[in-house]
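Each protein sequence line maps, in turn, to chains U and V.
One gets this note's numbering by counting positions in the first sequence from 1 and adding 29 to each.
One gets this note's numbering by counting positions in the second sequence from 1 and adding 5 to each.
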Amino acid sequence: MLRQLFKIIWKRKKANGLIVAEVAIAFIVVFFIMLLVIRNYNLYTKPLGFEYENRWNILVKAVSGSWAETIKESELEPLLLQLKQQDEIENVHRLKNPTFQDWSSTSDYELKGRNIDFMLNVMDDHAAQDFGLELTEGKWFGKLDKGLGYEPVIVNQLFIERYFNGENAIGQNISDIKSENKIEQRIVGVFKDFRQKGELNQLTPYVIYQYKKDKHAIRNIEIKLKDGTQRSFEEPLMELLTNVAPNWEFTITPWDVRRESMLNETFLPLLFASIIAAFFILLVALGLFGVLWQNVMSRAPEIGVRRALGATARGIHNQVISELMIVTSLGLLIGLVLTIQLPISGFIPEINWTLFWSAQLPASLFMLLLAVICAYYPGKIATKLLPAEALHYE
Amino acid sequence: MLKNYLLTAWKVFLRRKLFTFINLFGICLTLTIIVVATRVADNHLHPKGPEKNNSHYLVVSHLVMTNKSHTRTQSIYPGFKFINDYVSPLKVPEIISIYTKLNKISTYIQGKKIEYTIRRTDANYWRILDFEYVDGEAYSQEQFNLGKAVAVLNQTTAEQYFGQESAVGKTIIIQKKKYEIVGVVQNVPRTEIDAFSDIWLPFTTLPSTSYRQQVSGVFSAMLHHSNPKQLENIQQEFTSRLQQDFVAIDEYTQAFSHADNPLQAMARDIFGDSKSFENYTSTLIIAICIISFLFMLLPSINMVNLNISRILERASEIGVRKAYGATTLQLVWQFIVENVLLTLIGGVLALLFSSFILASIEMSGLIPYVEFPFNLNVFVISLLMTLVFSLVSGVYPAFKMAKLDPVLALKGGLK
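Okay, structure coming up:
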């Protein structure tokens with residue numbers, strides 16, 4: 030039976046070849062949309078590792094615009110003290126790279142014979158607790174770590190899993206031996222995660238250093254507000270800030286506002302691409318439907334002969350559908366050969382085998398389903414052809 | 006003859022409405038997307054606002070510095086010192102303007118948060134860019150030199166502050182400092198990145214002059230020449246100045262920066278190696294051609310497929326025509342005319358749809374003050390794209406149809 034079908038398809042290889050090409054391209058479109066959707070969904074459902082409600086970011090800039098200048102730490106101090114005295118504000122912290130923004134630092138170097146790379150940040154004491162990070166091992170850094178000849182750091186679980194094979198890493202030194210600064214960087218604690226750039230960014234190893242007055246210049250003030258503080262607090266807050274430091278510029282943004290726009294930045298283009306893809310798929314479906322309809326009409330004699338020789342209506346219907354399924358499968362095979370290059374070559378490191386197959390399978394199923402839907406009605410027409418009428422052509 | 010072809014084509018379209026619809030749907034979809042993309046690109050390359058004379062100037066907006074072995078690289082925005090030392094002394098440009106990038110500031114008018122952007126410029130800025138003044142005029146060179154606290158507002162901001170009254174002569178407080186408004190200009194579309202702002206101030210009003218010492222900062226420069234052909238010489242002069250005269254800053258011994266027109270800037274942004282003086286425009290154009298070809302591939306194959314499967318429908322017609330002596334070439338020509346006609350209809354619909362889509366983007370306020378005007382440029386490119394599409398999708402089926410064996414065709418069969 031299958032051999033027979035292949036023979037028929039081979040007979041009409043030119044016309045079928047075009048359908049195969051069309052299916053292959055359509056499949057690649059569906060595959061990429063699936064890939065993006067599944068990637069983002071997977072990331073979105075993983076815990077963020079911190080809380081974003083009731084937390085605001087204040088970015089401080091010198092009026093001439095460049096942030097990398099003229100603000101001295103000693104000048105920032107009185108501002109922080111003023112902020113702490115406000116009734117609405119529970120706590121004030123310094124954070125080097127703010128959350129939910131494309132603003133991050135990375136580092137890579139050799140540690141004990143293996144290359145490590147990670148995202149890093151600098152916070153002052155208690156900031157981690159106030160941002161809602163979750164400690165799984167060890168302790169947070171604090172005043173007790175000062176002046177002991179080492180620099181305390183906390184790392185996320187992924188860092189331990191990836192670079193210490195999940196073993197106990199408390200007390201380990203992770204400093205870069207090749208750099209001039211040879212101070213020991215000792216891991217004092219492990220936290221679950223701190224996905225600084227938001228839900229839709231890849232999981233990465235993360236290291237947080239302790240803020241030091243003479244070493245770090247930080248322009249981001251993060252405030253934790255008391256529950257129930259309204260957004261309208263922004264105005265008096267800005268008034269306060271400009272009064273204390275008239276020569277600086279401030280931008281106040283609640284974390285959740287940033288999160289929203291960060292999500293939209295990924296979501297809107299994806300939505301846009303999906304709409305265009307949906308139209309294309311609709312076009313392909315209509316096209317397949319039309320081609321098949323024409324084919325059935327032009328093959329009336331062949332169908333007539335089959336009916337005359339005793340094929341049932343169901344048999345004819347199945348033949349039409351199976352033929353398109355086979356042609357579609359050939360298209361999928363070509364699509365698979367092309368798309369499988371992605372995980373093999375590792376061209377985009379994020380596309381690993383799990384992600385690849387989890388996008389491949391639904392995309393293939395979708396295309397097969399589409400083929401069945403497109404073939405259903407033309408197949409039905411084929412069964413309606415009466416043997417006598419069909420044979421009449423010859 | 007052509008009239009006959011068109012008439013036949015029309016009859017064929019009406020005969021099988023479903024197939025005509027499927028074809029038209031594909032054509033419309035593809036062309037709508039292409040026309041939207043063309044109009045957005047045209048808006049970017051040929052702005053209608055103050056940047057309309059962008060063929061007369063180049064912009065320096067990025068700076069990359071590396072050490073000798075290229076192991077350390079700093080990618081920054083130029084500071085005033087860099088521009089003053091390496092751009093201002095150039096001899097070919099007729100006018101050079103220095104201005105800052107945008108700075109967002111929020112203020113509260115009667116408890117409502119209003120965000121506006123500020124740009125600080127020199128006086129030359131107003132000579133190069135072609136602003137439309139609603140009221141008053143820009144600040145003069147003298148006011149700039151003296152560091153007078155003066156401001157130019159766009160229409161929307163002026164209305165927010167002063168309603169229907171004339172804003173010129175009134176004062177506005179920006180970061181605790183009073184500025185006198187000297188001019189109001191028409192709103193500038195957000196897409197014109199070097200002209201856009203809500204408020205413009207002279208940068209001599211900055212509270213400190215420390216910016217004069219900074220190599221890295223937030224400044225850009227615009228280099229103008231009345232003869233567009235001289236722009237290439239400006240680029241060469243700037244490149245050789247950086248290659249020969251750059252004085253090392255700390256360990257950074259080499260500097261890379263470019264005076265680019267919009268197309269070059271876009272190409273560099275996407276393909277450019279930051280540590281080179283190369284031009285990437287041709288790479289960009291090739292990439293655009295490949296992408297639009299791939300993009301048209303799916304609907305084309307779809308249409309080819311459909312048309313080939315319909316050959317049989319026309320078999321008797323083709324047979325008769327051939328029997329009466331029509332050549333293959335004549336038939337090919339006829340089928341291509343048919344396809345072009347259908348594509349043109351699709352093209353007209355696509356123009357309507359794209360206008361609708363772009364109008365809704367304009368209305369949504371997603372991109373402030375943006376407008377996508379329709380012009381001859383866009384029309385010609387759209388028409389060209391339409392023809393390319395109809396040829397890509399029409400030529401193969403036309404040949405296939407025209408080559409039918411007349412005997413077989415008359416019999417009404419095809420094996």
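We put the CB at the ideal spot given by N, CA and C, even for glycine.
For U:Gln214, the enclosing beta strand (DSSP E) has its first and last residue at Glu213 to Phe220. Secondary-structure assignment with DSSP links U:Trp169 through no beta bridge to anything. Here the C-alpha atom of V:Val342 lies approximately 9 Å from the C-alpha atom of V:Ser395. At a cut-off of 9 Å, the C-beta of U:Pro275 has a neighbouring C-beta in chain V.
Nearest Cα to U:Asn150 within the set U:Leu367, U:Arg248 and U:Glu352: U:Arg248.
Fewer than three Cβ pairs drawn from the segment 165-182 of chain V and the segment 190-202 of chain V lie within less than 8 Å of each other, which leaves the two stretches out of contact. One Cα belongs to V:Ala364, the other to V:Lys118, and the distance between them is close to 28 Å. Within chain V, no residue has its beta carbon less than 7 Å from that of U:Ile304; the closest one is some 11 Å off. From the listed residues U:Ile355, U:Ile373, U:Ala417 and U:Leu365, the smallest Cα separation to U:Ala400 is found for U:Ile355.
In this structure, U:Arg336 lies away from U:Gln348, with their beta-carbon atoms at least 9 Å apart. DSSP places U:Trp277 within a strand segment (E or B) once states are collapsed to three. As the crow flies, the alpha-carbon of V:Ile323 is around 11 Å from that of V:Val337.
Here U:Asp146 is bridged, per DSSP, to U:Asp137.
Between V:Phe361 and V:Val45, the beta carbon gap of about 15 Å keeps them out of contact (Cβ cut-off 8 Å).
In this structure, U:Ile237 lies away from U:His122, with their beta-carbon atoms at least 9 Å apart. By the criterion of at least three beta-carbon pairs nearer than 8 Å, the segment 61-72 of chain V is in contact with the segment 257-264 of chain V. When rounded, the separation of the alpha-carbon atoms in V:Thr288 and V:Phe276 is 8 Å. Note on U:Lys175: under 16 other CB atoms within 10 angstroms of its CB, so exposed under the neighbour-count rule. Inter-residue distance for V:Phe298 and U:Lys43 is about 22 Å (C-alpha atoms, whole angstroms). For the segment 194-260 of chain U, the continuous beta strand (DSSP E) assignments of 3+ residues that do not extend past its boundaries occur at 213-220, 235-239 and 249-254, in sequence order. With respect to the 9 Å criterion, V:Arg125 and V:Leu211 are classified as neighbours on the basis of their beta carbons. Closest in C-alpha terms to U:Trp277, from the list U:Lys90, U:Leu367 and U:Arg68, comes U:Lys90.
DSSP, read as helix, strand or coil, puts U:Thr341 in coil.
Taking one beta carbon from each stretch, the segment 399-414 of chain U and the segment 368-388 of chain U have fewer than 3 pairs nearer than 8 Å; the two do not touch. Sequence-distant Cβ neighbours of V:Ser398 in its own chain, meaning closer than 6 Å and more than five residues away, are Ser305, Met308 and Val309.
Assigned with DSSP and collapsed to three states, V:Gly352 falls in helix. Taking a beta-carbon distance threshold of 9 Å, V:Arg20 does not count as an interface residue toward chain U.
For V:Ala128, there is no enclosing alpha helix (DSSP H), as DSSP marks it with neither H nor E. For the set V:Gln180, V:Glu164 and V:Ile198, the Cα lying nearest the Cα of V:Val189 is the one of V:Glu164. Remark: three or more beta-carbon pairs, one from each stretch, lie closer than 8 Å, so the segment 216-234 of chain V and the segment 77-96 of chain V are flagged as touching. Two segments are said to touch when three or more pairs of C-beta atoms, one from each, lie closer than 8 Å; by this definition the segment 284-291 of chain U does not touch the segment 133-145 of chain V. If you check the CB distance, V:Val65 and V:Val92 come in under 9 Å. Take U:Gly408, set aside five residues on each side of it, and the residues of its chain with a beta-carbon closer than 6 Å to its own are His346, Val349 and Ile350, in chain order. Cα atoms of V:Ser245 and V:Val97: separation of roughly 13 Å, rounded to the nearest angstrom. Shown here for U:Phe309: same chain residues with a beta carbon closer than 8 Å to its own, the five before and five after excluded, namely Ala55 and Val58 in chain order. In terms of beta-carbon proximity, U:Asn150 stays away from the interface with chain V, with every pair separated by 9 Å or more.
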